[in-house]
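Have a look at the structure below before the remarks.
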Ligand SMILES: [Zn+2]
Ligand SMILES: [Zn+2]
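In my numbering, the protein residues as written are 1280 to 1413.
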C-alpha cells in the first residue's frame, strides 16, 4: 500500500471512531484487513497527522497517547480507571484562563486542558466493590 493511502486510511479510522483512539486501538481495528500494516507505521502516521494539524494528540499521564479527529475547541475528561476520554466544552474556562494570565502572566492553552476523574461506570463498579467487601 502506498504511504499516502495508509495515512488516509488511518485518518479516516480516527474520524470514524469517536473514542479518541490510541495507536494500538487503530492497529487492532485495521490489521486483519491490512496485514502489511505495523503498529510502528500506525504510530508514525498518527504523529505525522497530529503534527500537520489534521488530528489532535492527547497526552495521557501514565498512558498511551490518544488521537482526536475533532479539531474544534474543546476539553477532555479522562477516566483514571478505564482510560475513557470524553469531549467536553467548558465556556467558563476562557474566564479562568484570563485570571491565570492576570495573576501569573502565563498564557494557558485552554484547549489542551484535561480533567481527570472517574466515569459513571467506574464509579458504579467501585461502589459495588465497596458494598461486597463491606
Ligand atoms: Zn472509567
Ligand atoms: Zn476530543
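Backbone N, C-alpha and C define an ideal beta-carbon position, used for all residues, glycine too.
Span of the alpha helix (DSSP H), counted from its first residue to its last, around residue i
i: residue 1409; result: 1399-1412
Residue i Cβ short of 7 Å to ligand 2 heavy atom set
i: residue 1366; result: yes
i: residue 1299; result: yes
i: residue 1383; result: no
i: residue 1355; result: yes
i: residue 1378; result: no
i: residue 1347; result: yes
Three-state secondary structure (DSSP) of residue i
i: residue 1335; result: strand
i: residue 1376; result: helix
i: residue 1319; result: helix
i: residue 1347; result: strand
i: residue 1385; result: coil
i: residue 1293; result: helix
i: residue 1366; result: strand
Residues with C-beta closer than 7 Å to any heavy atom of ligand 1, in chain order: 1358, 1360, 1361, 1363, 1397, 1398, 1400 and 1401
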